[in-house]
Amino acid sequence: MSRCAGGRGERQTMQATVRLELADLTRILRIWGGEEDCVELTEEVQDLYWLELGYDSLSILQTIESIERKFAVPLAREILELGDTPRLFLAMVNDVLAGRAAV
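Given below as structure tokens:
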């Protein structure tokens, strides 16, 4: 399975900020799928469900685990159920990251 570009430099860029941006989320999702399966997440599709974008629960779970490793922060499994669109997912993850930064 081929991998989309952007995997190696991702860790350094993302650790410099306490927010997960849409572009960061797109790169992480692309790591778990082949290039032909990659969907460009844009403002226009942020409110579509993951399944509508071609992502199943396993790819979202892998994304959650990747974010946990990269940011060294535990994410609640409710994000898998309640963060069912990119916009909701980003909001939930960024709430956790903001809470960690405030500590």
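Sequential numbering from 622 applies to the sequence shown in this note's numbering.
Ideal Cβ placement from N, Cα and C applies to all residues, glycine included.
- Of the choices L650, A697, E661, whose alpha-carbon is the least far from that of Q683? L650
- Message: Here's the rule I'm using: 16 or more other beta-carbon atoms within 10 Å means buried, otherwise exposed. How should R698 be labelled?
- Response: exposed
- Task: Quick one: give me the first and last residue of the alpha helix (DSSP H) that R690 is part of.
- Result: 678 to 692
- Message: Does P707 pass the burial test, meaning 16 or more other C-beta atoms within 10 Å, or should it be called exposed?
- Response: buried
- Item | D668: first and last residue of the uninterrupted alpha helix (DSSP H) it sits in | Element bounds for D668: n/a, residue is neither H nor E.
- Contact under 9 angstroms by Cβ, L718 with L641: yes
- So D705 and W671 are in contact, right, with Cβ under 8 angstroms, and what is the actual spacing, rounded? 6 angstroms
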